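Asks: Going down the list, the protein sequences come from chains B and U.
The letter at position 103 of the first sequence is residue 103 when you use the numbering used here, and the numbering goes up by one with no holes.
For the numbering used here, count along the second sequence from 1 and bump the result up by 264.
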Amino acid sequence: MREYQDRKNAQKKHYYKDSFYVAEQTRKFDAQESEFSEDLKALNSENLEILDSYVELGQFVVYVKSSENLKALRIFKSLGYEVLSEISAVDFISQKGGFEVFYQLLSISNKKRARVKCFVKKAEMLKSVVEIYKSANWSEREMYDMFGIFIQNHPNLKRLIMPDDWHSHPLLKSYPLHGDEHARWYEVDKIFGREYREIIGPENRDSAKIDSKDTFNFGRIYHEVERGAKPRDEKILQEYQEDGGVAFVKRAKRGSSKILEKRP
Amino acid sequence: MQNPSKLRPFFENIEFEENNGKMILNFGPQHPSAHGQLKLVLELDGEKVVRAMPEIGFMHRGVEKMAENMTFQEFLPVTDRVDYIASSANNYALCAAVEKLCDIEVPRRAQIIRTMLLELNRISSHLLFLATHALDVGAMTVFLYAFREREYILDLIEKYCGARLTHSSIKIGGVFLDLPSGWTEELLAFCNKFPSDIATYEGLLSENRIWRMRLEGVGVLSRENALSWGCSGVMLRASGVEFDIRKAEPYLVYDEIDFEVPYSNTGDCYARYKLYMEEMRQSVKILLQCEKLYNNSGPEILANSPQFVSASKEQIMTQNYSLMQHFVLVTQGLKAKRGEIYHPTESPKGELGFYIYSTAESSPYRLKIRAPSFFHCALYEELLVGQYVADVVTIIGSSNIILGEIDR
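Okay, here's the thing in C-alpha cells:
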C-alpha cells in the first residue's frame with residue numbers, strides 16, 4: 001500500500017502528544033486602559049473598521065480587514081509610527097484557507113511598538129504599502145517569494161530569494177522540508193538539461209548527510225587521504241611535510257611545537 | 265549578440281548590453297567588498313550609477329523553515345549561523361523572545377554574563393567591520409591591526425564557551441556555565457589595553473586625507489529616508505535619529521549601566537565610521553562596569569522554571585523528579601505558551617528581532633527573523649543612485665551588511 005501523505009501539512013510532526021496537556025496562553029489586555037488608548041481612539045475616529053484589538057506582551061495588536069491595510073498604516077504613520085520594521089505572514093491555509101499578514105511598526109518618538117494584522121484569503125491580492133514605508137519594498141517581495149501572496153501596485157514584484165523559475169513557495173506548510181519534486185531536479189535541469197536526469201540522478205537535499213566513503217567532500221579525521229582517493233581504514237596521524245619541500249621550512253612535528261602560555 | 269545554447273552558455277560579462285550609451289555592470293558576487301554573495305547589477309552612465317539592482321539569494325538556507333521543524337532548544341545553535349560574526353547576539357535574541365513569551369525570569373548573574381558576551385561580540389563585529397571596510401577602501405594596515413585585537417576577544421570567548429565563531433553560549437533560561445576562574449582578569453587586561461588600540465586605528469584613519477576624501481559626503485542618508493527604509497543601528501543613528509534599543513527598551517542589565525550612545529547628523533560614511541569607533545569605546549566602558557556587577561552577584565545562572573528549563577546538573581543527578589522533567593524537556597522540547605511575540609534587540613548591526621507565533625507546540629508555528637542587514641541591503645536600490653563606481657565599494661562597506669543575515 002502506498003504511504004499516506006498529508007498534502008496540507010508536510011512539516012515534521014512530533015512523535016509524542018500529551019493529550020492531557022493544557023497550554024498556557026499569553027495574557028492579553030484591553031488597549032483602552034493602556035498607553036495605547038490614544039492610538040485606539042484615533043483609529044476609531046478615522047472610522048477604520050477594527051476587527052479586534054488588544055495589548056499582548058507590551059505591544060499593541062490591531063486586526064483590520066485586508067482591504068483596509070493601506071488606510072490603517074496611513075493612520076498609524078500619522079500617529080508617529082515612523083518605522084515599519086517587518087512584514088511577514090503566517091500560513092493558515094489548511095485551517096482557514098488563507099494567511100495572517102502582520103505589519104510590525106515602531107514609534108521612535110514615543111518608544112512604542114504596534115502590530116497591524118489582517119487575514120488574506122488564498123487567491124486574494126494584498127495592497128502594497130511601499131508608498132507609505134519604503135522598507136516594505138523588499139519585505140513584500142520576500143513575502144511573495146516565500147508564501148505566494150500577490151501584492152497589488154508593488155513597484156517590482158519578483159522573487160527575491162529563490163530563483164525566478166522556482167516552483168512553489170518554500171515557507172508554505174504544504175511545502176516539504178527538503179524541497180519538493182521540482183527542487184530535486186532543479187539544478188540538474190538548469191545546468192545540464194532534462195535529458196541528463198537519468199545519468200546524474202536526483203539532488204540530495206539532506207544537508208546533514210555524510211558518506212564516510214566519500215573522499216571528495218569529506219576528510220575523515222585521522223583517516224585523511226588525497227581528495228578523491230580510496231578511503232583508508234587504518235588510522236594515521238597526519239603531520240605536515242612536503243616531499244622535496246621548501247628548503248627553509250623545517251619538518252613540523254607535533255611533539256616539537258611550542259604552545260604559548262599567553263599572547264604577547 | 266551572443267547566441268546561447270547548451271554548449272555555449274550565455275555570459276553576462278562578455279558583452280556590455282548598451283542602451284542609450286549606458287552600461288550594465290555586474291558588481292559582484294566576485295568583488296571582495298560584495299562578500300562573495302551579493303550580486304549588484306549597476307546601470308552606469310560613464311562612472312555614475314543610474315540604477316542599482318541588488319540581487320541576493322545565493323546562500324538561502326531556509327533558517328525560518330528549519331525553525332518550524334525543530335524544537336526551540338534544537339534551533340538555538342542554528343541561530344549562530346544567521347549573523348555569523350556576532351553569533352551570541354542571535355542566540356540572545358532568540359532566547360530573549362522565548363523567555364519573554366514564556367515569562368521566564370533569568371537570574372542576575374546570567375544576565376551579567378550575557379551582557380558581557382553581547383558587548384564582546386559587538387566589539388569583535390565592529391572590528392571586523394572596520395578591518396574589511398578599511399581594506400575595501402584601501403588601508404591594509406588597519407585590517408591587520410584590527411584582526412590582531414579581534415583575536416584577543418575570540419580568545420576570551422573561546423575560554424568561556426570553547427568556540428570562536430559559533431558560540432551557542434546562551435541557553436533558554438540562562439547560560440550554560442559560569443565564568444571560568446581568571447577570566448575577568450583577562451577581560452580587564454583586554455579592556456585596559458583596547459582603548460589605546462582604538463586610538464591607533466583613529467590615528468591611522470580619522471585625519472588621513474585619502475580616508476576622508478573617500479568617506480566624507482559619500483552615501484549621505486537623510487533622516488526621512490533612514491526611517492522609511494527601516495534602517496536601524498548605526499545606519500539610523502548616523503542620520504540623526506536618537507534611538508538605541510539598549511536605551512529605549514532596556515534589556516539585561518543595560519538600565520543599570522552608565523554608557524552613552526553616539527549620534528551624528530551628517531549621515532555619511534565618515535559619520536558611520538566615527539560612530540562605530542565610539543561604540544567600541546562605550547562597549548569597553550560597559551564591560552568594565554559589568555565586571556564589577558559580576559563580582560557582586562549571586563551564584564545562580566539558570567532560571568527556576570521547571571516547565572521550560574531543566575534544573576541544574578546537581579539537581580538532575582540527585583533529584584528524581586528533576587531528572588524526569590529534564591528527560592521530557594530533552595526529548596520533546598519546551599512547549600512555549602500560546603501567543604505571539606515580536607522581541608527586538610540591538611545587535612551590532614541594528615535591530616535584530618524574532619517574531620514567534622506559538623501554538624503551544626514545542627516548535628514555533630512560524631518564526632520570522634527581522635535581520636537589520638536585509639533592510640540595509642534593500643536601501644542600495646536608492647542610496648547608490650547618483651554615486652560613482654568607486655563610492656559603491658565605500659557605501660557597501662560602510663553599511664556593514666552580512667549576507668548570512670539577508671538570505672537567512
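Where is the CB? At the ideal position from N, CA and C, for every residue including glycine.
These numbers were taken from a predicted model, which means no experiment stands behind them.
#1: Which residues mark the beginning and the end of the beta strand (DSSP E) in which F102 (chain B) is found?
#2: Is the Cβ-Cβ distance between E363 (chain U) and G426 (chain U) less than 8 angstroms?
#3: Compute the Euclidean distance between the alpha carbons of T26 (chain B) and A624 (chain U), then round it to the nearest angstrom.
#4: Please check if any C-beta of chain U sits within less than 8 angstroms of the C-beta of A42 (chain B).
#5: So, for I666 (chain U): in the same chain, excluding its five sequence neighbours on each side, which residues have a beta-carbon less than 6 angstroms away from its beta-carbon?
#6: Under the DSSP definition of a beta bridge, which residues are partnered with N290 (chain U)?
#7: One question on the structure: do S569 (chain U) and T335 (chain U) come within less than 8 angstroms of each other, judged by their Cβ atoms?
#8: Does any C-beta atom of chain B lie closer than 8 angstroms to the C-beta of H324 (chain U)?
#9: Would you mind telling me which residues of chain B sit closer than 8 angstroms to I320 (chain U), beta carbon to beta carbon, in chain order?
#10: Under 8 angstroms between the Cβ atoms of V116 (chain B) and A72 (chain B)?
#11: Helix, strand or coil: how does DSSP classify Q59 (chain B) here?
#12: Determine which residues of the region 115-138 of chain B have a Cβ less than 7 angstroms from any Cβ of chain U, and write them out in chain order.
#13: Return helix, strand or coil for A316 (chain U), following the three-state DSSP convention.
#14: Counting only beta-carbon atoms, is I108 (chain B) nearer than 8 angstroms to chain U?
#15: Any Cβ of chain A within less than 8 angstroms of the Cβ of E35 (chain B)?
#16: For P608 (chain U), does the three-state DSSP call read helix, strand or coil?
#17: Taking the alpha-carbon positions, what's the E480 (chain U) to E471 (chain U) distance?
#18: Just the chain B side, please: which residues come within less than 8 angstroms of L365 (chain U) by C-beta, in chain order?
#19: Can you give the Cα-Cα distance for F591 (chain U) and K423 (chain U), rounded to whole angstroms?
#20: Please classify V225 (chain B) as buried or exposed, where buried requires at least 16 other C-beta atoms within 10 Å of its C-beta.
#21: Within its chain, find whatever has a CB closer than 8 angstroms to the CB of Q546 (chain U); leave out the 5 residues flanking it on each side and keep chain order.
#22: For F29 (chain B) and R372 (chain U), I'd like the C-alpha separation in whole angstroms.
#23: Could you check if P170 (chain B) is buried or exposed, using at least 16 other CB atoms within 10 Å of its CB as the buried criterion?
#24: Name, going along the chain, the residues of the region 498-512 of chain U whose beta-carbon falls closer than 7 angstroms to a beta-carbon of chain B.
#25: In chain U, which residues lie with their C-beta within 9 angstroms of the C-beta of V101 (chain B)?
#26: Excluding five sequence neighbours on each side, which residues of the same chain lie with their C-beta closer than 6 angstroms to the C-beta of M162 (chain B)?
#27: For E524 (chain U), which three-state DSSP category applies?
#28: Comparing alpha-carbon positions, which option in B:L51, B:Y133 and B:I221 lies nearest Y81 (chain B)?
#29: Return the residues of the region 185-208 of chain B that lie within a Cβ-Cβ distance of less than 7 angstroms from chain U, sorted by chain order.
#30: Can K511 (chain U) be considered in contact with the ligand GTP, in the sense that its beta carbon sits closer than 7 angstroms to one or more heavy atoms?
#31: Does A31 (chain B) get closer than 8 angstroms to chain U when you measure Cβ to Cβ?
#32: I'd like to know if Y239 (chain U) contacts chain B, where contact means its C-beta is closer than 8 angstroms to some C-beta of that chain.
#33: Run through chain B and tell me which residues come within less than 9 angstroms of F274 (chain U), C-beta to C-beta.
#34: By how many angstroms is the C-alpha of D165 (chain B) removed from the C-alpha of M125 (chain B)?
#35: N69 (chain B): which of B:S88, B:K127 and B:G228 sits nearest, CA to CA?
#36: Would you report the Cα separation of E615 (chain U) and A635 (chain U), rounded to the nearest angstrom?
Replies: Reading from the atomic positions:
#1: G98 to S107
#2: no
#3: Taken atom to atom, the span from the alpha-carbon of T26 (chain B) to that of A624 (chain U) is near 10 angstroms.
#4: no
#5: For I666 (chain U), where only same-chain residues beyond five positions count, the Cβ hits under 6 angstroms are D347 and S637.
#6: U:V305
#7: No. Outside cutoff.
#8: yes
#9: L160 and I161
#10: yes
#11: Judged by DSSP in its simplified three-state form, Q59 (chain B) adopts strand.
#12: R115, Y133, K134, S135, N137 and W138
#13: Of the three classes helix, strand and coil, the one that applies to A316 (chain U) here is strand, per DSSP.
#14: At least one CB atom of chain U sits nearer than 8 angstroms to the CB of I108 (chain B).
#15: Protein chains in the displayed structure are B and U, and chain A is not among them.
#16: strand
#17: Taken atom to atom, the span from the alpha-carbon of E480 (chain U) to that of E471 (chain U) is near 11 angstroms.
#18: Ordered by position in chain B, the residues that pass the 8 angstroms Cβ test against L365 (chain U) are T26 and L57.
#19: 29 angstroms
#20: exposed
#21: F523, E524, V525 and P526
#22: 28 angstroms
#23: That one is buried.
#24: So the close ones are V505, F507 and A512.
#25: The premise fails here: V101 (chain B) is roughly 12 angstroms from chain U at the closest Cβ pair, so nothing lies under 9 angstroms.
#26: Listed in chain order, the non-local C-beta contacts of M162 (chain B) below 6 angstroms within the same chain comprise D145, local neighbours out to five positions each way being set aside.
#27: coil
#28: Distances from the alpha-carbon of Y81 (chain B) to those of B:L51, B:Y133 and B:I221 put B:Y133 closest.
#29: G193
#30: Summarising the ligand content, the structure contains no ligands, and the ligand GTP is consequently not present.
#31: A31 (chain B) does not count as touching chain U.
#32: In this structure chain U extends from 265 to 672, so residue 239 (chain U) is not present and cannot be described.
#33: Those within 9 angstroms of F274 (chain U) in chain B number zero; the least Cβ separation is about 13 angstroms.
#34: 21 angstroms
#35: Closest in alpha carbon position to N69 (chain B), among B:S88, B:K127 and B:G228, is B:K127.
#36: 7 angstroms
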